[in-house]
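Residue numbers (our numbering), protein chains in the order written: chain A, 908 to 1148; chain B, 908 to 1148. All C-beta atoms in this analysis are idealised placements derived from N, C-alpha and C, irrespective of residue type, glycine included. Report on one structure; see the data block that follows.
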């Protein structure tokens, strides 16, 4: 990225699931702890992976208009119900326990470099989320994990899930700056390609263990992104903070 | 406020102009500095007061549908143009200078107790704005002044200016909690009465010098609000933080 183009960036917004937080380790741990305490035996690792596996299909139903606008908390709940039935344990789990477990997505742990990198970047840039998570989820996560966001941008505010163009365009629109002054940071090539199509700058950070043994893509930047960093502290360094 | 009702509050959202920041001193200082540097003599104090005087009438035009949705930055610009003409100095000020001066509303200084009180409250509560200022204005102000918001809630997100009910209801809707778990903090009785009508809790903090010698109201809480505090550190104390 040329010095001039980099100098014009004023805001960095971050994909969250996988990029900022390690959803898989967190969800497996929550489910296993629950199963142990309640003496419910199940393949909790598989349930965690299938739960996340239902993420894109559920949002696609909203994006295609098969479902009205539905926030991610509610999509998580729908997918979880289906999984509990498929795994034959739906009747072992109370309503209060379901609410608690769906809220596990509000309690995800950040990758070890995330808070230090964000704290450094915050000195010079507006830093925010740009996630398909709803505002309450992202805000509760920030309070729980200590993520120092200046602003929670969310698909919920745009009422469009990424990779719909409206989701990306909502950030420069609310900031009242050109899209070229906003950078999306993500661990997913597809997200960044969609952002670049709307004029945003792009920063790739590989998270090659996001899907554990099932990781099949996004090991490296596959396009000519503006910045490619090893982790968030490296990103902070590359951005001059 | 009873201990039980107070215990249920999870988020505090703040009116900003007058409640968190001292707009009058800041705007007068910016205008006077500008006039001195550019050798443009005018009654800058009066222009500041008239600028703020145009605030409610401009928003009312939007609220009544006479204007389509227009963010506060643009309303500030419209009012400022009118004032410069009325004071006979419109042709002395360049476009870049107008942009700079309208942005003075992004550079307002907080009252001396604001940051300490907010920092304490943030430990236990979600803290956010709930202002008629647009998102960019509030975010730039937060970066400039060091206001530690968790979230920028704004009339812009609801596309309704306070005191429209939708503006207040947007906060519990986005947080996915009952309105009774959200408290609006404001220095203006009318704002709090409108919030209470939508089920929010209310906290009054008097800012008896907000309008300087022109202050004519809001010297004290005129209704039975849930909390009445002398300033933000007192509010933090009353809220147990």
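For residue i, the three-state DSSP class (helix, strand or coil)
i	result
residue 1058 of chain B	strand
residue 985 of chain B	helix
residue 907 of chain B	The structure shown has nothing for residue 907 of chain B, since chain B only spans 908 to 1148.
residue 924 of chain B	strand
residue 1128 of chain A	coil
residue 1086 of chain B	helix
residue 978 of chain B	coil
residue 1145 of chain A	helix
residue 1091 of chain A	strand
residue 1019 of chain A	coil
residue 1075 of chain A	helix
residue 970 of chain B	helix
residue 1069 of chain A	coil
residue 1030 of chain B	coil
residue 1010 of chain B	helix
Same chain, Cβ closer than 6 angstroms to residue i, neighbours up to 5 away in sequence not counted
i	result
residue 1049 of chain B	1056
residue 1047 of chain B	1013
residue 1145 of chain A	1134 and 1136
residue 1093 of chain B	922, 926 and 1099
residue 1042 of chain A	1059, 1061 and 1063
residue 968 of chain B	974
residue 1114 of chain B	925 and 1094
residue 1139 of chain B	1020, 1021 and 1024
residue 930 of chain B	924 and 1015
Start and end residues, beta strand (DSSP E) containing residue i
i	result
residue 996 of chain B	No beta strand (DSSP E) contains residue 996 of chain B, which DSSP labels as neither H nor E.
residue 1134 of chain B	1134-1136
residue 1111 of chain A	1108-1112
residue 918 of chain B	918-921
Cβ neighbours of residue i in the same chain (closer than 8 angstroms, five flanking residues each side left out)
i	result
residue 937 of chain B	1008, 1011 and 1014
residue 1090 of chain A	916, 918, 919, 920, 1107, 1108, 1109, 1110, 1133 and 1134
residue 1084 of chain B	917 and 918
residue 933 of chain A	1011, 1014, 1015 and 1016
residue 947 of chain B	941, 996, 999 and 1000
residue 935 of chain B	951, 952 and 955
residue 958 of chain B	934, 983, 986, 987 and 990
residue 1030 of chain A	1148
residue 1096 of chain B	1111, 1124, 1125, 1128, 1129 and 1130
residue 1105 of chain B	1072, 1075, 1076 and 1086
Opening and closing residue of the alpha helix (DSSP H) in which residue i lies
i	result
residue 1103 of chain A	1096-1104
residue 1117 of chain A	No alpha helix (DSSP H) holds residue 1117 of chain A; DSSP gives it neither H nor E.
residue 951 of chain A	951-960
residue 1047 of chain B	1042-1052
residue 934 of chain A	930-945
Inter-residue CB distance, residue i and residue j (contact presumed, cutoff 8 angstroms)
i	j	result
residue 1044 of chain A	residue 1148 of chain A	Wrong, their Cβ atoms sit about 27 angstroms apart, outside the cutoff.
residue 1101 of chain B	residue 1075 of chain B	7 angstroms
residue 979 of chain B	residue 1040 of chain B	5 angstroms
Same chain, Cβ closer than 7 angstroms to residue i, neighbours up to 5 away in sequence not counted
i	result
residue 949 of chain B	942, 994 and 996
residue 954 of chain A	938, 990 and 994
residue 1143 of chain B	1024, 1027 and 1028
residue 1077 of chain A	1060, 1064 and 1065
residue 970 of chain B	1068 and 1071
residue 1053 of chain B	1022
Check whether the segment 914-933 of chain A and the segment 1036-1046 of chain A touch, using three or more Cβ-Cβ pairs below 8 angstroms as the test.
yes
Quick check: the segment 1102-1112 of chain A against the segment 1058-1070 of chain B, are at least 3 beta-carbon pairs closer than 8 angstroms?
no
Given 8 angstroms, three or more beta-carbon pairs between the segment 979-988 of chain B and the segment 952-968 of chain B:
yes
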